[in-house]
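As structure tokens, the structure follows; a few thoughts come after it.
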DNA sequence: AAAAATTTTTAGGCTCGTCTAAAAAATATA
DNA sequence: TATATTTTTTAGACGAGCCTAAAAATTTTT
């Protein structure tokens with residue numbers, strides 16, 4: 023049985039390995055966890071003892087199969103809760119991280135699976151991250167970004183790529199949220215900024231960067247034209 | 023900020039005071055919490071330090087106003103989660119206690135209140151316990167028990183009085199659950215046992231004791247008669 | 001390759017929540 | 001009222017998870 027703290031370390035290690043595809047070093051984990059290298063060494067020893075990680079002194083940490091499974095289960099739980107918080111309790115994107123962080127530690131496989139059923143087996147969370155299914159399989163995202171849309175085409179916002187609190191608040195300030203209809207009017211040839219119309223109502227200008235961080239589900243061509 | 027453990031002690035103290043209307047002694051808490059009197063003394067000191075309880079050596083423990091509020095918030099959270107688990111995730115009565123015990127420690131007022139809204143401000147949990155509202159006010163239950171029903175009258179099961187795991191499992195085995203329609207056919211003059219028909223389908227015999235532990239919402243007279 | 005800088009580990013200590021054993025206080029019994 | 005019993009508290013210890021400071025190992029620089 024893992025403590026919440028142990029679970030958080032595991033998640034952090036998983037994420038780091040996922041991005042770098044290499045053994046994680048102590049300082050990286052310490053930075054991610056907001057703690058010291060010494061504490062990390064302590065914890066790594068505990069997790070190695072319990073066979074969740076492989077540890078070589080002065081080299082780094084890798085996950086065992088058991089550790090990998092555990093990390094994926096946590097990610098599954100966290101992302102399912104995010105779906106619940108956004109879709110059913112109407113939390114905004116920038117509010118769910120902290121809550122899901124707590125909820126993911128609730129210990130009950132049954133609860134996770136029933137939540138999954140209740141939410142209708144979602145494949146992605148509201149922040150655009152894939153949700154592993156009960157077998158631990160991730161669905162590959164093939165969704166488009168706003169920046170992938172052509173002029174005169176449109177879609178519905180389904181997720182975000184960047185989940186920093188600041189970015190999510192920026193989006194909220196621009197009235198961009200899940201379900202917002204977005205149609206591209208112009209794309210600047212100089213800086214790539216995108217003039218869009220939201221829900222057929224409000225025109226705004228998005229920076230290129232902004233457009234590259236929001237996923238949309240494109241409308242079929244027959245729905246594509248804007249109704250004024 | 024209280025730890026989960028501190029919160030559990032507070033809840034235990036609250037419950038004890040609620041039933042006895044007297045200061046709680048160390049051993050009672052120890053028994054309730056499954057720990058030792060010495061540990062309780064330690065914890066009481068911490069809670070007194072933080073001004074959640076009043077403690078007089080060798081006398082007992084009472085809650086401060088602050089402690090009372092905190093305990094009621096926990097109870098509110100726990101019971102709202104139970105409603106969610108039963109009504110939306112279709113857990114049975116006997117499965118929710120352990121889960122709600124974990125969920126009640128999630129720290130977020132906003133979450134509690136949104137859950138309350140989502141669930142449509144329920145006044146009672148599925149086990150029949152009143153849910154304090156955001157102000158901490160409990161609704162008085164005025165619901166009937168199966169044993170209060172007259173012959174030829176009926177109602178719908180809405181809650182249970184006794185929430186021990188064994189009892190809840192017994193109910194499940196008898197096919198008694200929330201929403202089950204129950205109509206009284208006979209009441210034994212000797213032992214008070216009650217012959218009922220469930221959902222107009224299945225006749226069973228309930229002991230008097232059983233009938234005294236299940237709440238029903240009575241049907242109005244026009245609906246009362248059984249349709250065969 | 002030696003010195004310098006960085007990274008990682010060890011050593012020792014702290015708090016929280018727990019324990020057992022013993023002391024102190026309160027209550028019950030003779 | 002003196003003694004016995006029960007209850008409560010104190011004292012001391014332990015593991016988990018964290019810290020800082022210092023030592024050890026590794027990597028980088030010269």
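Protein chains in written order, with our numbering: chain S, 23 to 250; chain C, 23 to 250. Ideal Cβ placement from N, Cα and C applies to all residues, glycine included. The structure displayed is predicted, hence computed values, not measured ones.
Interface residues of chain S around residue 136 (chain C) at Cβ under 8 Å?
The residue given as residue 136 (chain C) occupies position 114 in the second chain. The answer, in chain order, is 111, 112, 113.
Can you give me, in chain order, the residues of the segment 121-132 of chain C that have a beta carbon less than 7 Å from any beta carbon in chain S?
Going along the segment 121-132 of chain C in chain order, one finds 121, 124, 125, 128, 129, 130 with a Cβ nearer than 7 Å to chain S.
Specify whether the segment 122-140 of chain C and the segment 99-108 of chain C touch according to this definition: at least 3 beta carbon pairs, one from each stretch, less than 8 Å apart.
Remark: three or more beta-carbon pairs, one from each stretch, lie closer than 8 Å, so the segment 122-140 of chain C and the segment 99-108 of chain C are flagged as touching.
8 Å is my cut-off, CB to CB: does residue 140 (chain C) come that close to chain S?
On the second chain, position 118 is the one that residue 140 (chain C) refers to. Among the residues facing chain S, residue 140 (chain C) is included, as its CB has a counterpart in that chain under 8 Å away.
Spatial neighbours of residue 224 (chain S) within its chain, please: CB distance less than 8 Å, with the 5 preceding and 5 following residues excluded, ordered by chain position.
Mapped onto the first chain, residue 224 (chain S) falls at position 202. If the five residues before and after residue 224 (chain S) are omitted, its C-beta is found closer than 8 Å to the C-beta atoms of 197, all from its own chain and listed in chain order.
Confirm the yes/no value for this check: CB of residue 232 (chain S), any heavy atom of the ligand PLP, distance under 7 Å.
The model on display carries no ligand, and the ligand PLP is accordingly not part of it.
Over what stretch of residues does the alpha helix (DSSP H) that includes residue 106 (chain C) continue unbroken?
For the purposes of this step, residue 106 (chain C) is taken as residue 84 along the second chain, with counting starting at 1. Start and end: 87-109.
Would you list, in sequence order, the uninterrupted beta strand (DSSP E) runs of no fewer than 3 residues that lie entirely inside the segment 120-197 of chain S?
Listed in chain order, the complete beta strand (DSSP E) runs (minimum 3 residues) inside the segment 120-197 of chain S are 176-182.
Taking residue 175 (chain C) as the reference, which of C:194, C:204, C:48, C:153 has the closest Cα?
Here residue 175 (chain C) refers to the residue found at position 153 of the second chain. Checked all of C:194, C:204, C:48, C:153; the closest Cα to residue 175 (chain C) is C:204.
Alpha carbon to alpha carbon, what distance is there between residue 170 (chain C) and residue 217 (chain C)?
Within the second chain, the letter at position 195 stands for residue 217 (chain C). Within the second chain, the letter at position 148 stands for residue 170 (chain C). C-alpha separation (whole angstroms): 13 Å.
Report the three-state DSSP secondary structure of residue 39 (chain C) (helix, strand or coil).
In the second chain, counting from the first residue as 1, residue 39 (chain C) sits at position 17. Reduced to three states, the DSSP call for residue 39 (chain C) is helix.
Below 8 Å between beta carbons: does that hold for residue 38 (chain C) and residue 28 (chain C)?
Translated into the one-based positions of the second chain, residue 38 (chain C) becomes position 16. Translated into the one-based positions of the second chain, residue 28 (chain C) becomes position 6. No, they are not a contact pair.
Please name the residue, chosen from S:230, S:69, S:222, that lies closest to residue 212 (chain S) on a Cα-to-Cα basis.
Counting from 1 along the first chain, the entry for residue 212 (chain S) is found at position 190. Cα-wise, what sits closest to residue 212 (chain S) is S:230.
CA nearest to the CA of residue 165 (chain C), picked from C:155, C:61, C:156, C:182
One-based indexing of the second chain puts residue 165 (chain C) at position 143. Cα-wise, what sits closest to residue 165 (chain C) is C:182.
Is the beta carbon of residue 80 (chain S) closer than 8 Å to that of residue 32 (chain S)?
Position 10 of the first chain, counted from the first residue, corresponds to residue 32 (chain S). Position 58 of the first chain, counted from the first residue, corresponds to residue 80 (chain S). Result no, Cβ atoms of residue 32 (chain S) and residue 80 (chain S) do not sit closer than 8 Å.
Going by beta carbon distance, what residues of the same chain come within less than 7 Å of residue 152 (chain S), once the five residues before and after it are set aside?
Numbered from 1 along the first chain, position 130 holds the residue referred to as residue 152 (chain S). The residues are 145, 146, 160, 161, 163.
Coarse secondary structure for residue 228 (chain S), derived from DSSP in three states
For the purposes of this step, residue 228 (chain S) is taken as the residue at position 206 of the first chain. In this structure, residue 228 (chain S) counts as strand in the three-state DSSP scheme.
The beta strand (DSSP E) that contains residue 200 (chain S), what's its start and end?
If you number the first chain from 1, residue 200 (chain S) lands on position 178. Note, residue 200 (chain S): premise wrong, no beta strand (DSSP E); not H, not E.
Whole-angstrom C-beta distance between residue 226 (chain C) and residue 173 (chain C), which should lie under 8 Å:
One-based indexing of the second chain puts residue 173 (chain C) at position 151. One-based indexing of the second chain puts residue 226 (chain C) at position 204. Wrong, their Cβ atoms sit about 15 Å apart, outside the cutoff.
Starting from residue 46 (chain S) and walking both ways along the alpha helix (DSSP H), at which residues does that stretch end?
Working through the first chain from its first residue, we reach residue 46 (chain S) at position 24. That residue, residue 46 (chain S), is in no alpha helix (DSSP H); it is neither H nor E in DSSP.
With burial defined as no fewer than 16 other Cβ atoms inside 10 Å of the residue's Cβ, what is the status of residue 71 (chain C): buried or exposed?
For this step, residue 71 (chain C) is matched to residue 49 along the second chain. Around the Cβ of residue 71 (chain C), a 10 Å sphere holds fewer than 16 other Cβ atoms; the residue is exposed.
Boundaries of the beta strand (DSSP E) in which residue 76 (chain C) is found, first to last residue:
Your numbering for residue 76 (chain C) matches position 54 in the second chain. Start and end: 75-78.
Buried versus exposed call for residue 23 (chain C) [16 or more other C-beta atoms within 10 Å across all chains shown]
Translated into the one-based positions of the second chain, residue 23 (chain C) becomes position 1. That one is exposed.
Among the residues of its own chain, which have a CB less than 6 Å from the CB of residue 25 (chain S), if the five just before and after it don't count?
As a working mapping, residue 25 (chain S) is identified with position 3 in the first chain. If the five residues before and after residue 25 (chain S) are omitted, its C-beta is found closer than 6 Å to no C-beta atom of its own chain.
How should residue 122 (chain C) be labelled, buried or exposed, when 16 other C-beta atoms within 10 angstroms of its C-beta is the threshold for buried?
For the purposes of this step, residue 122 (chain C) is taken as the residue at position 100 of the second chain. Around the beta-carbon of residue 122 (chain C), 16 or more other beta-carbon atoms lie within 10 Å, marking it buried.
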